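Counting in our numbering, the sequence shown runs from 788 upward without gaps. Yeah, the Cβ is synthetic: ideal placement off N, Cα and C, and Gly gets one too. Quick caveat, the model's predicted, so the values are computed rather than measured.
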Amino acid sequence: MSPTPRAAGLLVIAALSALVIPPWLAAGLCLAIVAAVVADAWPARHLPDLERRVPRSLARGVPAEMSVTADGGAASRLSVRQPAPPDVRIEPQENPNPLRATITVMRRGRHRLEPAATKNQGPLGLGAWYHRAGTGDELIVYPDLPAARRLAVAVRQGRFAEEGRRSRGPLGLGTDLERIRDYQPDDDIRQVNWRATARRGSPMSNQWRVEQDREIICLIDSGRLMSAPIGDRTRLDAAVDAVAAISAVADEIGDRVGVVAFDRTIRRQLSPRRAGGVAVVAAIFDLEPTLDESDYALAFQTVASAKRSLIIVQTDLLDSAAARPLLEATRILSRRHAVVVASILDDDLQQQVETPAANLAEAYRTVAALTVLEERAEVARQLRGTGVEVVEAPLRLLSSACVGAYLRARSRARL
């Protein structure tokens, strides 16, 4: 039990009253206030019953509603406070009972939400009891699944378009004719049925049945290079978001999707399967980067014996020396599989190069940034020379760029 600020203020006034009234009377006032504090707080001494409603799983950066309701009896005045662990935002954190708040988790993975704290005051607000009520909860935080679903829906509806490219129109060309229909503005010119167009006098298009059951394997580098920060997250966070988007699109199309996460060892592995998007996300949502150098040869050996697949590698193209193991491994892998290597373009480096240097220090930074960009461009050139498609995109566009590479591989019959 503790006195409230109101009780503390009354005690100060009573103590100061000794300057104008007899000390024994001031002491009596202080004792009376202490007795009032005890009497006021006594009915509120019981541990309140607490009910906390919070989603078991959330998506990174997506707000969700939560509530904490405490029942301490009719004779008490309750307020509730919910402590927030690192990377978790709760607004507001404290409120008179009940607490209704918005929770946003900024980092995927597993987080522990500590028990709520209650302040249980007596009717006069002189004394209060402080309790930790309830139990802790584990929060499961997935990557940006809403963004992944939006990309999948856009692909299904023929609205998917990468920045700088026209909309793809309906999915794929396929090889089996399904039906002949009216021409749509987004149709590929190869879909036009010229004989049907001549007969009808209006443009007609072939609609092809999209091939399904292709195999997509996402390789995620979770080693040292992927621990580097980019924006408000790490490079690995961006890679996991991209894999979630690829998996959602694969489910929409009907392809089989799997994942391998690696550093110097194989850390996670899930073989390709139909409707595998949920399983892929469950396998990698709590993947964290390590400080180990990544063994590309080991990772590629893991998938080398699979049937011809699209292998999408999420990594960082730092420089020729760091990328040498990747180059050696992709030369072998690309003989059997279609390979895409995806990496994030650092906007800060590009901005540094494009901004005129104001002093010598800025000039040195510009030269350093230009050197890094030239090294990355050289690595990308060498990878393309082995038959690999290289995807380089800013953080906000990486997921859609990877989905675009996936769809291009399908339309070119590379799978």
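Linking Q1088 to A851 through their CA atoms gives a straight-line distance of about 42 Å. Around A1048, the same chain offers I1007, S1009, R1054, R1055, I1071 and L1074 as residues with beta carbons nearer than 7 Å, after the five sequence neighbours per side are excluded. Residue pairing for W916: DSSP places it in a beta bridge opposite N907. In the three-state reduction of the DSSP assignment, I1004 falls in the strand class, which pools E and B. Of the candidates Q944, A1035, I800 and T856, the residue whose Cα lies closest to the Cα of P883 is T856. Of the residues assessed, K906 falls on the buried side of the cut-off, its CB having 16 or more other CB atoms within 10 angstroms. Comparing alpha carbon positions, the residue from R864, R894 and S866 closest to R876 is R894. Per DSSP, Y1151 is one residue of the alpha helix (DSSP H) stretching across L1147 to G1172.
Under DSSP, no beta-bridge partner is assigned to F1072. Using a Cβ distance threshold of 8 Å, A1032 and V1128 do not count as a contacting pair. Counting C-beta atoms within 10 angstroms of its own C-beta, E1080 has fewer than 16 neighbours from the protein chains shown and is therefore classed as exposed. Beta-bridge pairing by DSSP links E852 to T889. Here R899 is bridged, per DSSP, to E925. Assignment of beta-bridge partners to I1098 by DSSP yields I1004 and V1126. Under DSSP, Q1056 takes part in a beta bridge, and its partners are V1047. Contact check between the segment 965-984 and the segment 1168-1175: fewer than three CB pairs, one atom from each, fall below 8 Å, which does not count as touching. Two segments are said to touch when three or more pairs of C-beta atoms, one from each, lie closer than 8 Å; by this definition the segment 1086-1104 does not touch the segment 1137-1155. For L1104, the secondary structure class from DSSP, reduced to helix, strand or coil, is coil.
In the assembly as shown, P790 is a buried residue. Its beta-carbon has 16 or more other beta-carbons within 10 Å.
Annotated as distal: V1154 and Y929, with beta-carbon spacing of 8 Å or more.
If you look at V1177, you'll find it in the beta strand (DSSP E) that goes E1176 to A1180.
In this structure, R919 is the residue among A1026, R919 and A1062 with its C-alpha nearest to the C-alpha of P870.
In chain order, A801, A802, S804 and A805 place their CB closer than 7 Å to the CB of A813, counting only its own chain and leaving out the 5 sequence neighbours on each side. Here the segment 1097-1109 lies against the segment 1012-1020, with 3 or more beta-carbon pairs under 8 Å apart.
E1002 is the residue among S992, A948, A1188 and E1002 whose C-alpha sits nearest the C-alpha of G1064. For D1050, the CB contacts under 7 Å within the same chain, skipping 5 residues up- and downstream, are S1009, G1010, T1077, D1079 and S1081 in chain order.
Judged by DSSP in its simplified three-state form, S1081 adopts coil rather than helix or strand. In terms of Cα proximity to P792, the closest of A915, E949 and E1179 is A915. In this structure, the beta-carbon distance from D1000 to D1042 falls below 8 Å.
If you ignore the 5 residues before and after P990, its C-beta comes within less than 6 Å of the C-beta of Y970 and T984, all in its own chain and listed in chain order.
A straight-line Cα-Cα distance of about 8 Å links Q1137 and L1160. Rounded to whole angstroms, the Cβ separation of R840 and S854 is 5 Å, and the two are in contact under 8 Å. Here the C-alpha atom of T1117 lies approximately 8 Å from the C-alpha atom of V1126. Beyond the five residues adjoining it in sequence on each side, V1140 comes within less than 7 Å, by CB distance, of T1153, A1156, L1157 and L1160 in the same chain, given in chain order. By alpha-carbon distance to D1134, the top candidate from L1185, H1124, A1108 and A1086 is L1185. For D1134, no pairing in a beta bridge is given by DSSP.
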